[in-house]
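In the UniProt record's numbering, the protein residues as written are 1 to 348.
Even for Gly, the Cβ is constructed at its ideal location relative to N, Cα and C.
From a predicted model like this one, the values you see are computed outputs, not experimental measurements.
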């Protein structure tokens, strides 16, 4: 046995060395350095993080390259984000923030709540303020879209579900009750939302979600912002919102809707979107006049700038109650960048 043991060890090490030579890590240092001369900054850094040998070999190459600052960090952060389900890239400070889903109850269910690690989200250019009847206006942050789209592309271990973006808020006044609700859905690119009232509280796209390709697994593609390998720019799925404000009051008091807001009844939203602020209150006043004249008024239109669809209705709920219903449909885009027009168009 003493004679055989050295032979067995030699054969074992030979097999290990032969197997290593088939991988990038097993190549000689000289060849690795030649290869690294052809690689980008993010390629070199990602390889360096693969194992300790590559980290040591490529150290000189890393030092020769200019460190990226600001938005130049995006490519490498996207690479790292793809392999880290609990992190997402922040467009505000260009770092990776930890978000493993446990913060959903503090972030997504409160209009002003966010964990300490995401304090930078408190930037208006990274958020949309959604005005409603409620005393507290809801704030929808850009990273909500990032996390929802991340799950769509890579599966349940990444990001958050669109269901977690749902928000409901009820306020009770002396002469009325208001309900604010928001729900999200990922819709096919290039499709418009169906803007017919759906009393079930849901909304649909004119195109079916079933026509979308199934979520892309992390092994199939990189979450680097370049989804164009599977979709063209116009086909990229978008995150869409359905926002509904309902004010319930007595049928014999429709004039309260045009009172401009009192301690007994709240003032209606001052704007439908960032562009349709004037005229909303006068529209409601006109609807009240039509209702008192015996009509069943309904108004529907689309913003020419951000394509927000909205619908105003006065509905008789029962023998005693009347409801003003304001429904909005907003397309916030694919969430790849803050520069996306579909996101920028909704900024106040």
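- Bridge pairing for residue 183: 242 [DSSP].
- A residue is called buried when at least 16 other Cβ atoms come within 10 angstroms of its Cβ; residue 73 meets this threshold and is buried.
- For residue 308, no alpha helix (DSSP H) encloses it, and the DSSP letter there is neither H nor E.
- For residue 40, the number of other beta carbons within 10 angstroms of its own is below 16, and it is reported as exposed.
- Bounds of the alpha helix (DSSP H) holding residue 342 are 341-344.
- The alpha carbon of residue 27 has as its nearest neighbour, out of 54, 48, 46, the alpha carbon of 54.
- In the pairwise beta carbon analysis, the stretch 159-173 is classified as not touching the stretch 310-317: fewer than three pairs are separated by under 8 Å.
- The three-state secondary structure of residue 97, taken from DSSP, is strand.
- Excluding the 5 residues flanking it on each side, residue 51 has same chain C-beta neighbours closer than 7 Å at 25, in chain order.
- With a 10 Å radius around the Cβ and a threshold of 16 neighbouring Cβ atoms, residue 272 comes out buried.
- One alpha carbon belongs to residue 327, the other to residue 244, and they sit about 4 Å apart.
- Take residue 88, set aside five residues on each side of it, and the residues of its chain with a beta-carbon closer than 8 Å to its own are 81, 96, 97, 99, 143, 146, 147, 150, 159, in chain order.
- When beta bridges are read from the DSSP output, residue 56 appears opposite no residue.
- The residues 288, 291, 292, 314, 322, in chain order, have a CB closer than 8 Å to that of residue 254 in the same chain once the five nearest residues on each side in sequence are set aside.
- Secondary structure note for residue 45: its alpha helix (DSSP H) is the uninterrupted segment 41-48.
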